Ligand code: XLF
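What follows is the structure in structure tokens.
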């Protein structure tokens, strides 16, 4: 910066204001500095900046696995949002493994990140000890940490109502990871609503929601799947493997069985038949998470620590209802 100031014939303070975008720089000085920056291919030393200011312009994003389409879309939305505020994303895949999650938390701390987004977190204590702001999706970590969460219970109810009003009588619910409260709430909403109607539901649990091989191994354990006429799957990527399985077995969707997922991740549109789903708007989730964290990094407070997203039914071809 000193060299640039000398070459441009301006003060070091002016160059610093220009580089850090924090103060007035005359148009004339700007032009001179820009010319030297271009000629010398200068980039600010982010490490030096992080050491000086105690944190960097980097935000950590921990996701269970980026190969789940819902999470890769979420990462994209968050990245787009924070980059407009001058931040970059440090992406960490936890594989839903608490050991890996803990290791990444340490790595992020070591890099003096400005904040953390965490998705389906399991290591609650570690986040509480963090001195920079944390925003969580789905897992309620503590009373102080802002959490964005879909009304999953309501989502489960909506899935039941949709299948019921489409004439389904033999219901199967494929649920997911045991530790996930979101997944459990979907299950509970579906079951409670069925109970109210005096209907029974068979339940199967999948152990993973992102590893294709694991999903396919799970689905092979489904016996007599042909006896069901309505299936609610806990998320869209798992529903995609269910649709494929029915096709291999020559079970026609939606005439013989109707399938509904959860998420509205983009994979649903590419399936044939396209997937009816309970939407938890990824745009809304991503924007709300990013907006909350940027506010917190800027030193503002957020009174409402639980921000609830309302789900809705998105009708496509895998169920019989009229398309909207
Ligand atoms: O954790 C739940 C299960 O999978 C999450 O919201 C998702 O639906 C994403 O696909």
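In our numbering, the protein residues as written are 16 to 339.
Ideal Cβ positions, reconstructed from N, Cα and C, are used throughout, including at glycine.
These numbers come from a predicted model, not from an experiment.
Worksheet item: Where does residue 324 sit, in a helix, a strand or coil, going by DSSP?
Response: As a first step, residue 324 must be located in the chain shown, where it is residue number 309. Residue 324: strand per DSSP, three-state reduction.
Worksheet item: By how many angstroms is the C-alpha of residue 234 removed from the C-alpha of residue 268?
Response: What you label residue 268 is simply residue 253 of the chain shown in a count that begins at 1. What you label residue 234 is simply residue 219 of the chain shown in a count that begins at 1. It is roughly 17 Å from the alpha-carbon of residue 268 to the alpha-carbon of residue 234.
Worksheet item: By how many angstroms is the C-alpha of residue 125 removed from the C-alpha of residue 266?
Response: For the purposes of this step, residue 266 is taken as residue 251 along the chain shown, with counting starting at 1. For the purposes of this step, residue 125 is taken as residue 110 along the chain shown, with counting starting at 1. In this structure, the straight-line span from the alpha carbon of residue 266 to that of residue 125 is close to 53 Å.
Worksheet item: Between residue 201 and residue 169, what straight-line distance do the alpha-carbon atoms span, to the nearest angstrom?
Response: Working through the chain shown from its first residue, we reach residue 201 at position 186. Working through the chain shown from its first residue, we reach residue 169 at position 154. Near 7 Å, if we compare the C-alpha coordinates of residue 169 and residue 201.
Discussion item. One question on the structure: do residue 294 and residue 279 come within less than 8 Å of each other, judged by their Cβ atoms?
Written reply: Looking up residue 294 in the chain shown gives position 279. Looking up residue 279 in the chain shown gives position 264. It is a contact, given that the beta carbons lie within the stated cut-off.
Practice prompt. Taking only the alpha-carbon atoms, compute the straight-line gap between residue 339 and residue 40 and give it to the nearest angstrom.
Written response: Residue 339 sits at position 324 when you count from the first residue of the chain shown. Residue 40 sits at position 25 when you count from the first residue of the chain shown. Low confidence applies to residue 339: its pLDDT is 47, below 50, so where it sits in the model is not reliable, and the reading given next is rough at best. Cα to Cα, residue 339 sits roughly 54 Å from residue 40.
Worksheet item: Along the chain, where does the alpha helix (DSSP H) that runs through residue 87 open and close?
Response: One-based indexing of the chain shown puts residue 87 at position 72. According to the DSSP assignment, residue 87 belongs to the alpha helix (DSSP H) that extends over 84-98.
Discussion item. Which same chain residues end up closer than 6 Å to residue 139 when comparing Cβ atoms and leaving out the 5 residues on each side of it in sequence?
Written reply: As a working mapping, residue 139 is identified with position 124 in the chain shown. The beta carbon of residue 139 lies closer than 6 Å to those of 156 in the same chain, with the five residues before and after it left out.
Discussion item. With distance defined between alpha-carbon atoms, name the residue in 331, 318, 245 nearest to residue 281.
Written reply: Residue numbering aside, residue 281 sits at position 266 when the chain shown is read from its first letter. Of 331, 318, 245, the smallest CA-CA separation from residue 281 is found for 331.
Fill in: Which of helix, strand or coil DSSP assigns to residue 81
Looking up residue 81 in the chain shown gives position 66. Reduced to three states, the DSSP call for residue 81 is coil.
Worksheet item: Using DSSP with H/G/I as helix, E/B as strand and the rest coil, what is residue 339?
Response: In the chain shown, counting from the first residue as 1, residue 339 sits at position 324. Because the pLDDT of residue 339 is 47, which lies under 50, any placement of that residue in the model is unreliable, and the question is left without a value.
Worksheet item: For residue 188, does the three-state DSSP call read helix, strand or coil?
Response: Residue mapping note: residue 188 aligns to position 173 of the chain shown, counting from 1. Assigned with DSSP and collapsed to three states, residue 188 falls in strand.
Practice prompt. Reducing DSSP to helix, strand and coil, say where residue 317 ends up.
Written response: Here residue 317 refers to the residue found at position 302 when the chain shown is read from its first residue. DSSP places residue 317 in coil when its eight states are reduced to three.
Item to complete: Might you give, ordered along the chain, the residues of its own chain that have their beta carbon closer than 7 Å to the beta carbon of residue 198, omitting 5 neighbours on each side?
Response: Position 183 of the chain shown, counting from 1, holds the residue named residue 198. Listed in chain order, the non-local C-beta contacts of residue 198 below 7 Å within the same chain comprise 190, 191, 192, 249, local neighbours out to five positions each way being set aside.
Practice prompt. May I have the straight-line CA-CA distance separating residue 21 from residue 102, to the nearest angstrom?
Written response: For the purposes of this step, residue 21 is taken as the residue at position 6 of the chain shown. For the purposes of this step, residue 102 is taken as the residue at position 87 of the chain shown. Cα to Cα, residue 21 sits roughly 29 Å from residue 102.
Discussion item. Could you tell me the alpha carbon to alpha carbon distance between residue 32 and residue 16, rounded to whole angstroms?
Written reply: Here residue 32 refers to the residue found at position 17 of the chain shown. Here residue 16 refers to the residue found at position 1 of the chain shown. Those two C-alpha atoms are separated by around 11 Å.
Practice prompt. Name the residue from 115, 221, 171 whose alpha carbon lies nearest to the alpha carbon of residue 207.
Written response: Your numbering for residue 207 matches position 192 in the chain shown. The shortest C-alpha separation from residue 207 is found at 171.
Discussion item. Less than 7 Å separating the Cβ of residue 10 from some heavy atom of the ligand XLF?
Written reply: There is no way to answer for residue 10, as the model of the chain reaches only from 16 to 339.
Practice prompt. To the nearest angstrom, report how far apart residue 221 and residue 253 are at their CA atoms.
Written response: On the chain shown, residue 221 is found 206 positions in, with the first residue counted as 1. On the chain shown, residue 253 is found 238 positions in, with the first residue counted as 1. So the two alpha carbons sit approximately 8 Å from each other.
Fill in: In DSSP terms, what residue 107 is bridged to
Taking the chain shown and counting its residues from 1, the one referred to as residue 107 is at position 92. BP columns for residue 107 point to 77.
Worksheet item: Do you know how far the Cα of residue 181 is from the Cα of residue 333?
Response: The residue given as residue 333 occupies position 318 in the chain shown. The residue given as residue 181 occupies position 166 in the chain shown. Looking at the two C-alpha atoms, the distance is approximately 11 Å.
Item to complete: Pull up the distance between the alpha-carbon of residue 134 and that of residue 25, whole angstroms please.
Response: Indexing the chain shown from 1 puts residue 134 at position 119. Indexing the chain shown from 1 puts residue 25 at position 10. When rounded, the distance between both Cα atoms is 47 Å.
Worksheet item: Cβ of residue 85 within 7 Å of any heavy atom in the ligand GDP?
Response: Summarising the ligand content, the structure contains the ligand XLF and does not contain the ligand GDP.
Worksheet item: Thinking C-beta only, is residue 173 closer than 8 Å to residue 209?
Response: Reading the chain shown from its first residue, position 194 is the one you call residue 209. Reading the chain shown from its first residue, position 158 is the one you call residue 173. For residue 209 and residue 173, no; Cβs fall outside 8 Å.
Discussion item. Can you check which of these residues, 322, 117, 93, is closest to residue 309 by C-alpha distance?
Written reply: Taking the chain shown and counting its residues from 1, one reaches residue 309 at position 294. Here the closest residue by C-alpha is 93.
Fill in: Rounded separation between residue 290 and residue 121 - CA only
As a position in the chain shown, residue 290 is number 275, starting the count at 1. As a position in the chain shown, residue 121 is number 106, starting the count at 1. Residue 290 and residue 121 have their C-alpha atoms roughly 39 Å apart.
Worksheet item: For residue 251, which residues of its own chain have a beta-carbon under 8 Å away from its beta-carbon, when the five flanking residues on both sides are left out?
Response: As a first step, residue 251 must be located in the chain shown, where it is residue number 236. Counting only residues of its own chain and dropping the five nearest sequence neighbours on each side, residue 251 has a CB closer than 8 Å to the CB of 84, 85, 276, 277, 278, 279, 280, 282, 283, 290, 292.
Worksheet item: Is the distance from the Cβ of residue 96 to the Cβ of residue 314 below 8 Å?
Response: Within the chain shown, the letter at position 81 stands for residue 96. Within the chain shown, the letter at position 299 stands for residue 314. Contact flag unset, no.
Fill in: Euclidean distance between Cα positions of residue 213 and residue 175
Here residue 213 refers to the residue found at position 198 when the chain shown is read from its first residue. Here residue 175 refers to the residue found at position 160 when the chain shown is read from its first residue. Cα to Cα, the separation comes out at about 12 Å.
Worksheet item: So, residue 144 versus residue 106, is the Cβ gap smaller than 8 Å?
Response: Counted from its first residue, the chain shown places residue 144 at position 129. Counted from its first residue, the chain shown places residue 106 at position 91. With a cutoff of 8 Å on beta-carbon distance, residue 144 and residue 106 are scored as not near each other.
Practice prompt. Verify whether the separation of the beta carbon atoms of residue 148 and residue 27 is less than 8 Å.
Written response: Working through the chain shown from its first residue, we reach residue 148 at position 133. Working through the chain shown from its first residue, we reach residue 27 at position 12. Not closer than 8 Å, so no.
Worksheet entry | Rounded straight-line distance, which links the Cα of residue 73 to that of residue 51 | If you number the chain shown from 1, residue 51 lands on position 36. If you number the chain shown from 1, residue 73 lands on position 58. A straight-line Cα-Cα distance of about 27 Å links residue 51 and residue 73.
Worksheet item: Is DSSP giving residue 137 helix, strand or coil here?
Response: Indexing the chain shown from 1 puts residue 137 at position 122. It is coil, neither helix nor strand.
Worksheet item: Any idea what DSSP makes of residue 38, helix, strand or coil?
Response: The residue labelled residue 38 in the question sits at position 23 within the chain shown. Annotated three-state conformation of residue 38 is coil, per DSSP.
Fill in: Nearest neighbour of residue 259, chosen from 316, 179, 288 [CA to CA]
Here residue 259 refers to the residue found at position 244 when the chain shown is read from its first residue. Among 316, 179, 288, the Cα nearest to that of residue 259 belongs to 288.
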